[in-house]
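Okay, structure first, notes after.
Protein chains in written order, with this note's numbering: chain E, 820 to 950; chain F, 820 to 950.
As structure tokens, this is what we get:
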């Protein structure tokens, strides 16, 4: 990934603060570890929404955005709601205008059943036993 | 964790198959990597529900169950719905009767903003760019 690519990290949103904090913290980690611009947006309840999230790249030099759902698995949100809000075509792509130029939007997969998810979950079980 | 402790991996549930597949796959990974009995249960839509999930330990030799929410962050489901369904006390503990003996139920934290979550998410962004 080069410095012309931005990541829009997408959260579910919640009436509680925890989902927004998660998305903010993970966005910070990704940005620090990879020297890439990461903005955030939320499907429900929290702000910014997806449209404002895309617009938050205004003033940057990016020519491509990866919309990255911070969800564990596909579901109605990732398969219907987000593609609709981002106007994705059948190839899971869209084009938006930022700073007067066309910027391609690509859509990433959710986290999925990665072995590291199993590792983290098991750590949480061990921590509960140690309390 | 010893062989007397079981894990009940808790999923959100979905009208789509992906959440259940995620929970099944992560449960399998945890069981294989750690030689522990892992059962699954769902809050909504999918089966078994939490009560049936607890009962699925019948016939095993466990004397403790860690209820482990496979959620990224706390929210209404992890803070209200699951504790209520599990009858957790203020210490996030409960006791259920399985095989005629008392089994303690402990409640683990959700995954949270672990650096490995940021790593996996970034991999998904790179995969989207490589498509």
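For every residue, glycine included, the Cβ atom is placed at its ideal position computed from N, Cα and C.
* **Proximal chain E residues relative to residue 915 of chain F, where beta-carbon distance stays under 8 Å** => As a position in the second chain, residue 915 of chain F is number 96, starting the count at 1. In chain E, no part has a C-beta under 8 Å from the C-beta of residue 915 of chain F; the shortest such distance is about 16 Å.
* To do: Compare the C-beta of residue 833 of chain E against all C-beta atoms of chain F and say whether one is closer than 7 Å.
  => Indexing the first chain from 1 puts residue 833 of chain E at position 14. Taking Cβ atoms only, chain F reaches closer than 7 Å to residue 833 of chain E, which makes this a yes.
* **Completely contained beta strand (DSSP E) runs for the stretch 834-890 of chain E, where each covers 3 or more residues** => Complete beta strand (DSSP E) runs here, min 3: 856-861, 883-888.
* Asked: Using a C-beta to C-beta distance shorter than 7 Å, which residues of chain F count as neighbours of residue 894 of chain E?
  -> Taking the first residue of the first chain as 1, we reach residue 894 of chain E at position 75. Simply 833, 835, 837, 838.
* To do: Assign residue 953 of chain F to buried or exposed, taking buried as 16 or more other Cβ atoms, counted over all protein chains shown, within 10 Å of its Cβ.
  => Outside the shown range of chain F (820 to 950) lies residue 953 of chain F, about which nothing can therefore be said.
* Could you check where the alpha helix (DSSP H) with residue 948 of chain E kicks off and where it finishes? -> Locating residue 948 of chain E in the first chain gives position 129, where the first residue counts as 1. Per DSSP, residue 948 of chain E belongs to the alpha helix (DSSP H) from 934-949.
* Evaluate residue 949 of chain F with the Cβ neighbour count: other Cβ atoms within 10 Å of its Cβ, from every protein chain shown; 16 or more gives buried, anything less gives exposed. => As a position in the second chain, residue 949 of chain F is number 130, starting the count at 1. Result: exposed.
* Given 8 Å as the limit, is there contact between the stretch 840-847 of chain E and the stretch 896-907 of chain F, that is, 3 or more CB pairs closer than that? -> The stretch 840-847 of chain E makes no contact with the stretch 896-907 of chain F: fewer than 3 CB pairs, one atom from each, lie closer than 8 Å.
* C-alpha distance - residue 888 of chain F paired with residue 828 of chain F, whole-angstrom precision -> For this step, residue 888 of chain F is matched to residue 69 along the second chain. For this step, residue 828 of chain F is matched to residue 9 along the second chain. Each residue's Cα considered, the two are about 6 Å apart.
* Would the beta-carbon of residue 920 of chain E fall within 7 Å of that of residue 881 of chain E? -> Counting from one through the first chain, the residue named residue 920 of chain E turns up at place 101. Counting from one through the first chain, the residue named residue 881 of chain E turns up at place 62. Going by C-beta atoms, residue 920 of chain E is not nearer than 7 Å to residue 881 of chain E.
* **Unbroken beta strand (DSSP E) run spanning residue 912 of chain F, endpoints** => Numbered from 1 along the second chain, position 93 holds the residue referred to as residue 912 of chain F. For residue 912 of chain F, the enclosing beta strand (DSSP E) stretches over residues 912-917.
* **chain E contact residues for residue 934 of chain F, given Cβ-Cβ distances below 7 Å** => Position 115 of the second chain, counting from 1, holds the residue named residue 934 of chain F. Residues of chain E whose Cβ lies closer than 7 Å to the Cβ of residue 934 of chain F are, in chain order, 848.
* **Cβ contact check for the stretch 865-884 of chain E and the stretch 920-933 of chain E: 3 or more pairs under 8 Å** => Touching, yes.
* Whole-number beta carbon distance between residue 864 of chain F and residue 834 of chain F, since they are thought to touch under 8 Å -> Mapped onto the second chain, residue 834 of chain F falls at position 15. Mapped onto the second chain, residue 864 of chain F falls at position 45. Correct: roughly 6 Å between the Cβ atoms.
* Under a Cβ-count criterion, where at least 16 other Cβ atoms within 10 Å of its own Cβ denotes burial, should residue 852 of chain E be classed as buried or exposed? -> Walking along the first chain from the start, residue 852 of chain E turns up at place 33. Exposed: under 16 other Cβ atoms inside 10 Å.
* Can you tell me the Cα-Cα spacing of residue 857 of chain F and residue 917 of chain E, whole angstroms? -> On the second chain, position 38 is the one that residue 857 of chain F refers to. On the first chain, position 98 is the one that residue 917 of chain E refers to. Counting only the Cα atoms, residue 917 of chain E lies some 48 Å from residue 857 of chain F.
* Endpoints, the beta strand (DSSP E) within which residue 923 of chain F is located -> Translated into positions along the second chain, residue 923 of chain F becomes position 104. Residues 920-926.
* Within 7 Å, strictly: CB atoms of residue 929 of chain E and residue 890 of chain E -> Position 110 of the first chain, counted from the first residue, corresponds to residue 929 of chain E. Position 71 of the first chain, counted from the first residue, corresponds to residue 890 of chain E. Cβ distance < 7 Å, so residue 929 of chain E and residue 890 of chain E count as in contact.
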